[in-house]
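Read top to bottom, the protein sequences are chains A and B. Counting in the numbering used here, the first sequence runs from 116 upward without gaps. Counting in the numbering used here, the second sequence runs from 4 upward without gaps. We put the beta carbon where it would ideally sit given N, CA and C, even for glycine.
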Amino acid sequence: MAAADTAGTSFSDAVSGSYDSDAQDLPPGVGPWKLAWRRLRRNKVALFFGFIFVLLVVVCLLAPVYAHDIAHTSPNAEAGLTATVKVGGKVKPVVNSIGIPIGPTWHAKYFFGADINGRDTAVRLLYGGRNSLEIGAVATIITMVLATFFGVLAGFYRGWWDAVITRFADVIWAYPAVLLGITLGTVFATGGIGPIHGTFLLAPAIVVGIVYIPYVLKPVRAQVLQLREREFIDAARQQGLSSTQIMFRELLPNISSTIVVFMPLILANAILLEAGLSYLGAGVQPPNPSWGTMIAEGLQPLPAAFSNVLVPGFMLVIAVMSVNIFGDGVRDALDPRAKVRIAR
Amino acid sequence: MIRFIVRRIVAAFFVMIAVTIITFLLLAATGNQAARLAGKNATQQQIHQIAAQYGLDKPIYVQYVKTMKNIFTGKAYSYTQNINVLQEVKHDYPATLSLAFGAGIIWLGLSVLFGTLAAVYAGRTTDRVLTILSMAGVSFPPFFLGAIFLYFLGYKLGWFPLGGYVGLSDPWQWFKHLVLPWITLSILFIGFYSRVLRSTILDNTNEDYVRTAHAKGLTDGQVLRRHTLRNSMIPIISLWGLDMGQLLGGAAILTDSVFNLQGVGQLAATAIANLDVITIMVIVILTAFAVVLLSAIVDILYAVLDPRIRLA
Chain A
116 MAAADTAGTS FSDAVSGSYD SDAQDLPPGV GPWKLAWRRL RRNKVALFFG FIFVLLVVVC
176 LLAPVYAHDI AHTSPNAEAG LTATVKVGGK VKPVVNSIGI PIGPTWHAKY FFGADINGRD
236 TAVRLLYGGR NSLEIGAVAT IITMVLATFF GVLAGFYRGW WDAVITRFAD VIWAYPAVLL
296 GITLGTVFAT GGIGPIHGTF LLAPAIVVGI VYIPYVLKPV RAQVLQLRER EFIDAARQQG
356 LSSTQIMFRE LLPNISSTIV VFMPLILANA ILLEAGLSYL GAGVQPPNPS WGTMIAEGLQ
416 PLPAAFSNVL VPGFMLVIAV MSVNIFGDGV RDALDPRAKV RIAR
Chain B
4 MIRFIVRRIV AAFFVMIAVT IITFLLLAAT GNQAARLAGK NATQQQIHQI AAQYGLDKPI
64 YVQYVKTMKN IFTGKAYSYT QNINVLQEVK HDYPATLSLA FGAGIIWLGL SVLFGTLAAV
124 YAGRTTDRVL TILSMAGVSF PPFFLGAIFL YFLGYKLGWF PLGGYVGLSD PWQWFKHLVL
184 PWITLSILFI GFYSRVLRST ILDNTNEDYV RTAHAKGLTD GQVLRRHTLR NSMIPIISLW
244 GLDMGQLLGG AAILTDSVFN LQGVGQLAAT AIANLDVITI MVIVILTAFA VVLLSAIVDI
304 LYAVLDPRIR LA
């Protein structure tokens with residue numbers, strides 16, 4: 116839960132911490148982060164979508180509250196065949212005699228209707244969102260940490276380190292994302308590798324996290340290769356800093372903007388890939404909900420209740436799109452050649 | 004030049020070997036295959052029997068060599084279905100090919116159009132609208148978009164068939180069955196490609212050769228068509244090559260299965276549902292090979308076209 120929070124907001128946290136609102140007469144040497152934050156603040160569209168995403172995260176984190184205090188049910192509780200619900204004074208079956216579930220009631224119970232098993236769609240939507248966002252966030256952290264670590268190592272030491280790490284990245288790169296995800300997901304779902312097993316909710320996060328490593332590792336490595344030839348690294352070495360100190364104190368701060376730019380991009384793709392895997396049955400395992408599994412379940416009887424496909428689908432699209440647009444704003448803000456501006 | 008090509012091919016070859024080994028280790032060496040094939044209530048003896056039948060009791064490297072030999076000589080049989088996997092792939096290939104090429108043409112054409120428009124009108128309303136649209140495009144998972152199309156245009160309005168694939172022997176039906184899958188698959192790529200093209204064009208506008216072209220007295224349109232666009236197309240074409248490689252290997256799993264096209268992607272999806280490891284292995288290796296080969300070809304073509312790359 117806390118993890119889902121960090122990925123979406125860490126950027127604004129990191130930046131707002133350094134931002135000083137009453138410093139109108141800033142000295143000429145304004146830090147790059149401060150400059151980026153000023154540019155981002157002007158980009159109202161990006162801020163709006165960033166806000167939407169934070170809102171979504173908060174709402175999904177409140178899933179237990181909604182389930183317990185408003186809908187009075189739990190995400191996997193199935194209503195019996197004879198269960199009924201009162202809508203506008205009329206009593207209706209939750210799932211009727213030919214198996215078609217009730218549509219949106221717009222009331223506390225079955226706000227978005229029920230699925231074919233008589234489970235409350237709105238409750239599952241929030242719990243599913245929690246799973247999807249949590250998996251996306253954990254996957255992003257896995258990707259960013261491993262890719263940065265190995266990318267810096269490969270770029271800094273070159274030689275054997277570089278050869279081995281780059282080959283590994285090439286092999287992962289050779290698999291299309293969905294196919295590699297499926298392969299790993301199937302492995303987890305069937306036998307598992309060591310202690311990690313498919314029923315373990317965060318297994319898809321590990322899968323997705325591994326898949327995207329090369330997409331970040333390659334640019335990080337390329338940047339480190341350039342940076343290590345610069346004078347400030349020579350200077351650091353002359354001062355007697357060890358390789359580890361150079362990597363963490365000198366190189367890492369210099370590639371941090373690349374890492375920040377990639378974070379929303381990877382988060383958006385991680386959420387999408389998790390949905391795809393869950394849709395195919397290689398991600399979150401039923402009865403646990405995620406937006407991907409809910410779409411797959413909603414499609415089972417296609418004409419029955421299409422709202423069960425539309426509701427999780429649009430939540431997914433809104434989440435991914437808001438991360439994408441916010442991330443685009445972050446990139447524009449951090450990019451020194453901020454592209455939109457040259458037209459004016 | 005020759006040295007560069009040889010080096011690139013050798014590297015591609017090693018990556019392919021690594022791909023087969025890793026795929027095999029992941030899929031064949033994890034979990035107890037024989038116990039799973041024997042079913043839930045099998046006795047210890049039955050499990051041993053099945054292990055012996057499929058050679059699962061042999062050391063892992065023997066299994067690897069045998070499996071690869073079977074795959075590359077076209078004798079790979081699925082454990083669960085007892086059908087020849089390569090025959091199956093061959094049978095499903097026309098659908099995959101039709102989907103990939105049709106979508107490829109649509110997304111290349113439209114992304115060049117949208118990307119150029121967004122770059123020409125950078126910062127203005129056209130650009131803003133196209134940016135939001137492309138952001139929406141890359142955010143729609145294909146299985147969701149496909150389901151929406153099928154439900155509203157297929158089921159509600161009845162304009163299109165409800166999925167399935169019809170061979171080219173009936174061109175009109177072939178076309179009707181593929182229109183929605185083509186659009187669904189293209190939308191994903193159009194968003195991404197047009198963004199890439201837009202920023203490449205904008206990067207190029209500040210280059211010296213563009214200023215020279217303007218100084219020669221060419222109109223904006225001429226500079227764009229003859230100079231900027233041509234140079235900006237290079238990354239787009241190489242991206243296109245790589246993505247086509249993936250799709251031709253059956254990577255359009257989601258589009259394929261939501262439209263029930265019975266292509267290689269759907270074969271993979273079904274194999275996952277049945278935990279049919281041999282079929283998954285064949286498709287994964289096939290796709291990875293296609294990607295490795297095409298990226299080697301793209302690199303070599305780059306080096307042929309642009310001598311600066313060889314030196315790097």
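For the alpha helix (DSSP H) that contains residue i, what are its first and last residues?
i: B/F15; result: According to the sequence displayed, residue 15 of chain B carries Ala and not Phe. It spans 5-31 - the alpha helix (DSSP H) in which B/A15 sits, taken as one unbroken run.
i: B/Y196; result: 174-208
i: B/F152; result: 145-152
i: A/S405; result: Premise fails: A/S405 is in no alpha helix (DSSP H) and is neither H nor E.
i: A/L162; result: 159-176
i: A/F429; result: 422-449
i: B/D223; result: 223-226
i: B/I108; result: 88-123
i: B/Q66; result: 63-75
i: B/A263; result: Just to set this straight, residue 263 of chain B is Asn in the shown sequence, not Ala. It is not in any alpha helix (DSSP H) - B/N263 carries neither H nor E in the DSSP assignment.
i: B/M247; result: 232-251
i: A/S189; result: Run containing A/S189: none; DSSP gives neither H nor E here.
i: B/D130; result: 128-142
i: A/A351; result: 346-353
i: A/H222; result: No alpha helix (DSSP H) holds A/H222; DSSP gives it neither H nor E.
i: B/I50; result: 47-56
i: A/K333; result: 328-342
Closer than 8 angstroms by beta-carbon distance: list the chain B residues that pair up with residue i, in chain order.
i: A/L155; result: By Cβ distance, chain B contributes nothing, its closest Cβ being about 16 angstroms from A/L155, past 8 angstroms.
i: A/F408; result: Reading off the sequence shown, one finds Thr at residue 408 of chain A, where the question assumed Phe. Chain B residues near A/T408: none, gap ~12 angstroms exceeds 8 angstroms.
i: A/I440; result: I135, M138
If you check the beta carbons only, do residue i and residue j fall under 9 angstroms apart?
i: B/V287; j: A/Y290; result: yes
i: A/S393; j: A/G413; result: no
i: A/F271; j: A/R352; result: no
i: B/S260; j: A/L425; result: no
i: A/I440; j: A/T258; result: no
i: B/F117; j: B/I204; result: no
i: A/G244; j: B/A150; result: no
i: B/V13; j: A/D285; result: no
i: A/P379; j: A/V445; result: yes
i: B/S197; j: B/V115; result: yes
i: B/L188; j: B/L120; result: no
i: B/P184; j: B/F262; result: yes
i: A/L299; j: A/E249; result: no
i: B/A255; j: B/L102; result: yes
i: B/Q66; j: B/A31; result: yes
i: A/I280; j: A/L295; result: no
i: B/S298; j: B/G248; result: yes
i: B/F152; j: B/F163; result: yes
So residue i contacts chain A; which residues on that side make the cut at Cβ distance below 7 angstroms?
i: B/A272; result: L395
i: B/Q249; result: P291
Cβ closer than 7 angstroms: which chain B residues qualify as neighbours of residue i?
i: A/A390; result: P144
i: A/M436; result: M138, A139, S142
i: A/F421; result: Y154
i: A/G355; result: What A/G355 touches in chain B: nothing, since even the nearest Cβ is about 33 angstroms away.
If we count the other Cβ atoms within 10 Å of its Cβ and call it buried at 16 or more, is residue i buried or exposed?
i: A/R157; result: exposed
i: A/G132; result: Low per-residue confidence applies at A/G132: pLDDT is 40, beneath 50, and the placement is therefore not dependable enough to give any value.
i: A/W275; result: exposed
i: B/G161; result: exposed
i: A/T188; result: buried
i: B/L9; result: Reading off the sequence, residue 9 of chain B comes out as Val, not Leu. Under this definition B/V9 is an exposed residue.
i: A/L170; result: exposed
i: A/D137; result: Reliability of the predicted coordinates at A/D137 is poor, the pLDDT of 46 falling under 50, and the value obtained from them is presented with this limitation in mind. So A/D137 counts as exposed.
i: B/L28; result: exposed
i: B/I74; result: buried
i: A/V302; result: buried
Any heavy atom of the ligand FAD closer than 8 angstroms to the Cβ of residue i?
i: B/I240; result: The ligand content of the structure shown is nil, which means the ligand FAD is not present either.
Since residue i meets chain A, which of its residues come closer than 9 angstroms, beta carbon to beta carbon?
i: B/V22; result: V286, A289, Y290
If the cut is a Cβ gap below 9 angstroms, which residues of chain B does residue i touch?
i: A/I280; result: Under the 9 angstroms cutoff, chain B gives no residues; its nearest Cβ is about 13 angstroms from A/I280.
- prompt: Is the number of C-beta pairs between the region 177-194 of chain A and the region 142-154 of chain A that are closer than 8 angstroms three or more?
  reply: no
- prompt: Three or more beta-carbon pairs under 8 angstroms between the region 287-304 of chain B and the region 20-33 of chain B, yes or no?
  reply: Between the region 287-304 of chain B and the region 20-33 of chain B there are three or more inter-stretch CB-CB distances shorter than 8 angstroms, so the stretches are counted as touching.
Three or more C-beta pairs below 8 angstroms linking the region 64-82 of chain B and the region 265-283 of chain B: A contact exists between the region 64-82 of chain B and the region 265-283 of chain B.
message: Tell me whether the region 377-387 of chain A and the region 321-334 of chain A touch, counting them as touching only if at least three CB pairs, one residue from each stretch, are closer than 8 angstroms.
response: yes
message: Would you call the region 174-190 of chain B in contact with the region 94-112 of chain B, where contact means no fewer than 3 C-beta pairs closer than 8 angstroms?
response: yes
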